[in-house]
Amino acid sequence: MFLNFGYRYLRYDIIRDINLELKNKTVTYLVNQQSDSQKEGLNLMTNDLKQIESLKIANELMIISEAAAFIISIFVGLLNSWILTLIFVIATISPGFIQKLFVKDIQNKAAVWENKNADYTQAVTDAINGSKTAMLYDVQIPVISYVVKQAKQMENALRSLNYTQGAISTLIITLADIFSFIIPFLIGAILMFNGQIGAGTLVMIVQLSNDFINPITMILDQLNQIRSTKPIWDKVQKAINFNNKNENATNLSFNQLSVEKLTYTVGDKTILKNVNFTVNANEKVLLMAPSGFGKTTLLRLLVGQLKPTSGSIIINQQNVTGNSQKSHDYFGYINQKPFMFDRSLHFNLTLGKKYSEEDLNEAIKLAGLTELVKEKGLDYQVGQNGNNLSGGQIQRIEIARSILAKRPILLADEATSALDNELSLQIHQVLLKNSNFAVIEVAHKISQQEKEMFDRIIDLSK
Numbered sequence: 001m002f003l004n005f006g007y008r009y010l011r012y013d014i015i016r017d018i019n020l021e022l023k024n025k026t027v028t029y030l031v032n033q034q035s036d037s038q039k040e041g042l043n044l045m046t047n048d049l050k051q052i053e054s055l056k057i058a059n060e061l062m063i064i065s066e067a068a069a070f071i072i073s074i075f076v077g078l079l080n081s082w083i084l085t086l087i088f089v090i091a092t093i094s095p096g097f098i099q100k101l102f103v104k105d106i107q108n109k110a111a112v113w114e115n116k117n118a119d120y121t122q123a124v125t126d127a128i129n130g131s132k133t134a135m136l137y138d139v140q141i142p143v144i145s146y147v148v149k150q151a152k153q154m155e156n157a158l159r160s161l162n163y164t165q166g167a168i169s170t171l172i173i174t175l176a177d178i179f180s181f182i183i184p185f186l187i188g189a190i191l192m193f194n195g196q197i198g199a200g201t202l203v204m205i206v207q208l209s210n211d212f213i214n215p216i217t218m219i220l221d222q223l224n225q226i227r228s229t230k231p232i233w234d235k236v237q238k239a240i241n242f243n244n245k246n247e248n249a250t251n252l253s254f255n256q257l258s259v260e261k262l263t264y265t266v267g268d269k270t271i272l273k274n275v276n277f278t279v280n281a282n283e284k285v286l287l288m289a290p291s292g293f294g295k296t297t298l299l300r301l302l303v304g305q306l307k308p309t310s311g312s313i314i315i316n317q318q319n320v321t322g323n324s325q326k327s328h329d330y331f332g333y334i335n336q337k338p339f340m341f342d343r344s345l346h347f348n349l350t351l352g353k354k355y356s357e358e359d360l361n362e363a364i365k366l367a368g369l370t371e372l373v374k375e376k377g378l379d380y381q382v383g384q385n386g387n388n389l390s391g392g393q394i395q396r397i398e399i400a401r402s403i404l405a406k407r408p409i410l411l412a413d414e415a416t417s418a419l420d421n422e423l424s425l426q427i428h429q430v431l432l433k434n435s436n437f438a439v440i441e442v443a444h445k446i447s448q449q450e451k452e453m454f455d456r457i458i459d460l461s462k
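full-length UniProt numbering applies: residue 1 is where the sequence shown begins, and numbers increase by one.
Structure representation (structure tokens):
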């Protein structure tokens, strides 16, 4: 009983530590790979890791304990009748070879279930996030029906996987009974009648046979369940093997950015072709182009999130084309729709990094957030997606983040297109009068007064 208490405490202690490490590795990988798709990441962090916990980690630990029981039983059996014990062991292992015939089938069904599970997760996410739109247009029934349809496909795939595993497990247990008990028992009876072993030894070995058979059948069943996690484990291993260097430099010197003959194509479609321009330190440059031209793509090329088909991006005479690690620390980024964490105003400004009170207050002042901080305080909860803030306040927080980061180049992606003219002008005054960084803004619609605040305007469409 006390050994059981100790065993269970240790087992669940190990499971907790492994699960925490897996979650740490996985979320580190997902945050750093900067994927635009939530589907895979959400599924990986929830359903997939839970499957790894219940079907892989727990079963691997069970295999260790079952193997220990098997080894102890063999040791005790060999002390009494090595011949009969050897026969039992050989017969017990035999069903394992049959199990190998079904490994591929289990893994294929597991892969189908994994895909259906991801589709279901995305359907639920869409239904929740799109619930207001569904209510507005009275389309709740089609939205709900789609989720139920995906759930049905997922459950059918899971049923198929579980049935296959169960059927194989039943077959192995049956074969184990035949090979591991009936045949060795008959041989043992013959040995007893021939006087080679005593009746007591036969009874003891038969009793021990349960400790031969049960661990082996359990191990084979557990191996089947572990193999069913292979499609998931392949994804988790990418996270485990991911090397997060995170050696961000600060206060980099910057002289010039040169974009030379930059071309980017997707399939047969050319998004950008032969783009050329330069930006010097502290220079404020506006890149004008019509909507749909590929301005956001250009900014993603600059920061290394995308790799161009041809051409190069040079910073301080160093080629950083398609290399996010080299170019990352040169750029701040103001999105058209900045992301707000459902946390405090302080966290959304600093994003968890430690800054001096002087730097934080300076960024708040320059971004025009002094009134908001004075009224609400830094502990103010901004709400999910910044629901407790206005559009202008959200944009100002994004500007403050860039100022705090002290990057020498600030990229602005249609940063004020969703704001009214007065607010747009105020934000541009904050950005363009700051002499601590260069600004590259892409826009397709901007007032003449704001245009005059830039050092240069480049019309990309020409």
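C-beta: ideal position from N, C-alpha, C; glycine also.
Keep in mind the model is a prediction, meaning the values are calculated, not measured.
{"query": "Cβ-based neighbour list, Lys376, same chain, cut-off 8 Å, excluding 5 preceding and 5 following", "result": "Leu345"}
{"query": "Among Ile216, Met192, Asn24 and Leu10, the one whose alpha carbon lies nearest that of Ile90", "result": "Ile216"}
{"query": "Residue from Thr297, Asn436 and Asn255 whose Cα sits closest to the Cα of Ile271", "result": "Thr297"}
{"query": "Buried versus exposed, by CB contacts within 10 Å (16 or more), Thr188", "result": "In the sequence as displayed, the identity of residue 188 is Gly instead of Thr. By the neighbour-count rule (16 or more Cβ atoms within 10 Å), Gly188 is buried."}
{"query": "Alpha helix (DSSP H) segments (min. 4 residues) lying fully within the stretch 304-349", "result": "324-327"}
{"query": "Ile399 and Ile334 closer than 8 Å at C-beta", "result": "yes"}
{"query": "Straight-line Cα distance separating Trp233 from Leu55", "result": "11 Å"}
{"query": "Beta carbon of Phe339 nearer than 8 Å to that of Phe347", "result": "no"}
{"query": "Length of the line joining the Cα atoms of residue 465 and Leu306", "result": "Residue coverage of the chain in this structure runs from 1 to 462, which leaves residue 465 outside it and unanswerable."}
{"query": "Asn280 - partner residues in DSSP beta bridges", "result": "Gln256"}
{"query": "Tyr29 burial status per 10 Å Cβ neighbour count (16 or more: buried)", "result": "buried"}
{"query": "CA-to-CA distance, Glu53 to Thr46, given in whole angstroms", "result": "11 Å"}
{"query": "Neighbour-count burial assignment, Lys269, 16 or more Cβ in a 10 Å radius", "result": "exposed"}
{"query": "Given residue 466 as reference, the closest of Ser435, Ile457 and Gln448 once Cα atoms are compared", "result": "Lying before the first or after the last residue shown, residue 466 is absent from the chain, which here runs from 1 to 462."}
{"query": "Among Ala67, Leu223, Asp48 and Tyr12, the one whose alpha carbon lies nearest that of Glu114", "result": "Asp48"}
{"query": "Top-ranked residue by Cα proximity to Lys50, from Ile63, Ile183 and Val236", "result": "Val236"}
{"query": "CA nearest to the CA of Leu42, picked from Arg16, Thr121 and Ala111", "result": "Thr121"}
{"query": "Three-state secondary structure assigned by DSSP to Met1", "result": "coil"}
{"query": "Range covered by the alpha helix (DSSP H) that runs through Ile52", "result": "Careful: Ile52 lies outside any alpha helix (DSSP H) and carries neither H nor E."}
{"query": "Pairwise C-alpha distance: Asn59 and residue 470", "result": "Past the boundaries of the shown model lies residue 470; the chain is included only from 1 to 462, so the question cannot be answered."}
{"query": "When Lys273, Val279, Leu287 and Phe254 are compared against Asn316, the one with the closest alpha-carbon", "result": "Phe254"}
{"query": "Ala367: first and last residue of the uninterrupted alpha helix (DSSP H) it sits in", "result": "Counting along the chain, Ala367 falls outside any alpha helix (DSSP H), and DSSP gives it neither H nor E."}
{"query": "Residues bridged to Asp413 [DSSP beta-bridge criterion]", "result": "Val442"}
{"query": "Beta strand (DSSP E) segment containing Arg456, residue limits", "result": "Arg456 to Asp459"}
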